[in-house]
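Q: Please see the structure below; I have some questions.
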Amino acid sequence: MAEPTKERSRPFVVPQFTLKDYSSFFTAGALCCTITHGGMTPIDVVKTRIQVDPALSRHSLLSGTRYIVANEGPGALLTGFGPTAVGYLVQGGAKFAGYEYWKKTFVQIAGDQETAVKYRTAIYLGAASVAEFFADILLTPLEATRIRLVSQKGYASGLVTGFTRLTREEGVRGLYAGFLPILCKQIPYAIGQFTVNEFCHELAFRSMSEETRRSLSPTTKFSISLGSGVIAGFAAAILSHPADTLLSQINKGHGPEGSMPHRLKVLAQQAGLRGLFAGLGPRMVMTAGLVSGQFLLYGIIKDALGAPPGLEIHKESSKL
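Take the sequence shown: its letter number 21 is residue 22 in my numbering, and every next letter is one higher.
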């Protein structure tokens, strides 16, 4: 006698996003990341200077800001705004659209709803990592330009001149010198950002019925999204900060010659645990604001564009 088909092996339906949907995801991701990263440029300038400038290594976010303004003027806090805005325009679009694509793809590979829910952590991790990898190919040259502008006073007047000089003097190798460390930084960042945010929402919704979820007030939805984003931002900052410090050092030209893994190892040994986490406080503040702002704006812009909601595989859901 044939064995009865198990309930969990039945096929299930997932959203079939169209090219227009992915274009909306890309646009929403691009705009939310440009707005948030552009707005955080002054904090990012102080954070980077704390990482690479010995005169600022023991300063806090506030005292570092005062030091820079007093010695270089308020305009110094906007150094690198151009490459930041353009870099995170392309990176943000690719990351958010890519996460939606790869999450759906991995859910389909799982084959049924129960398996997808059971392995949802692996799906979140995989989708965030793959999406971030491709997004970083677009981001790395612009991030290298930004760090040169911030860390080397007088390097260039802005995005175009800085990018041109870096390309002319060091070529593709210089533009992608930080690709490995930026992967080490951005992939843990994306994992913290997306995975922790997903689980924060799951915890918030787990005790609610479907009817309650559908009738949540705008204030409650905003509070859940904001709280989840802040916690995800703290996680993203802590996971990615050591690589962020090494990235700043490498793009400033620090470290020995040799392969990138060798340079990273030597720089990490020289910095020590305390050095690797220099500037973590300012970066946690910055990242909490970035991540929570991105998720809030992403949802608003998606709604304005008429994009469908993303795929949910939370444990409490009755369906995907």
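Ideal placement from N, C-alpha and C gives every residue a C-beta, glycine not left out.
Quantities reported herein were computed from a predicted structural model and do not represent experimental measurements.
Pull up the distance between the alpha-carbon of V118 and that of I314, whole angstroms please.
A: Here residue 118 refers to the residue found at position 117 when the sequence shown is read from its first residue. Here residue 314 refers to the residue found at position 313 when the sequence shown is read from its first residue. Straight-line Cα distance between these residues: approximately 6 Å.
Q: Check the C-beta distance from A237 over to Q194 and give it rounded, since I have them as a contact under 8 Å.
A: Start at 1 with the first residue of the sequence shown, and residue 237 comes out as number 236. Start at 1 with the first residue of the sequence shown, and residue 194 comes out as number 193. The pair is a contact, with the Cβ atoms about 5 Å apart (cut-off 8 Å).
Q: Per DSSP, what kind of secondary structure is V15 in: helix, strand or coil?
A: As a position in the sequence shown, residue 15 is number 14, starting the count at 1. DSSP places V15 in coil when its eight states are reduced to three.
Q: So which of A77, Y125, Y89 and H38 has the shortest CA-CA distance to V286?
A: The residue given as residue 286 occupies position 285 in the sequence shown. Answer by Cα proximity: H38.
Q: Classify Y327 as helix, strand or coil using the three-state DSSP reduction.
A: Here the chain has residues from 2 to 321 only, and residue 327 is not among them.
Q: Once the 5 residues before and after G280 are set aside, which same chain residues still bring their CB inside 6 Å of it?
A: For this step, residue 280 is matched to residue 279 along the sequence shown. Within the same chain, G280 has close Cβ partners K48, I51 and Q52.
Q: So, R147 versus T221, is the Cβ gap smaller than 9 Å?
A: Walking along the sequence shown from the start, residue 147 turns up at place 146. Walking along the sequence shown from the start, residue 221 turns up at place 220. Not a contact, by the Cβ cut-off of 9 Å.
Q: Any idea if R264 is buried or exposed, counting beta-carbon neighbours within 10 angstroms, 16 or more meaning buried?
A: Your numbering for residue 264 matches position 263 in the sequence shown. By the 10 Å Cβ count, R264 comes out buried.
Q: Name the residue from L240, I239 and K266 whose alpha carbon lies nearest to the alpha carbon of Q250.
A: Within the sequence shown, residue 250 is the residue found at index 249, counting from 1. Minimum Cα distance to Q250 is reached at K266.
Q: Near L306, which residues of its chain fall below 7 Å by C-beta distance, leaving aside the five closest residues on each side in sequence?
A: Residue mapping note: residue 306 aligns to position 305 of the sequence shown, counting from 1. Around L306: S25, T28 and A29.
Q: Pull up the distance between the alpha-carbon of L274 and that of S210, whole angstroms please.
A: Along the sequence shown, one-based indexing puts residue 274 at 273. Along the sequence shown, one-based indexing puts residue 210 at 209. For L274 and S210, the distance between alpha carbons rounds to 45 Å.
Q: Under a three-way DSSP split, which group does L281 fall into?
A: Residue numbering aside, residue 281 sits at position 280 when the sequence shown is read from its first letter. The answer is helix: DSSP assigns L281 an H, G or I state.
Q: Looking at the unbroken alpha helix (DSSP H) that takes in K105, where does it start and where does it end?
A: Start at 1 with the first residue of the sequence shown, and residue 105 comes out as number 104. F82 to A111 is the span of the alpha helix (DSSP H), which, as asked, contains K105.
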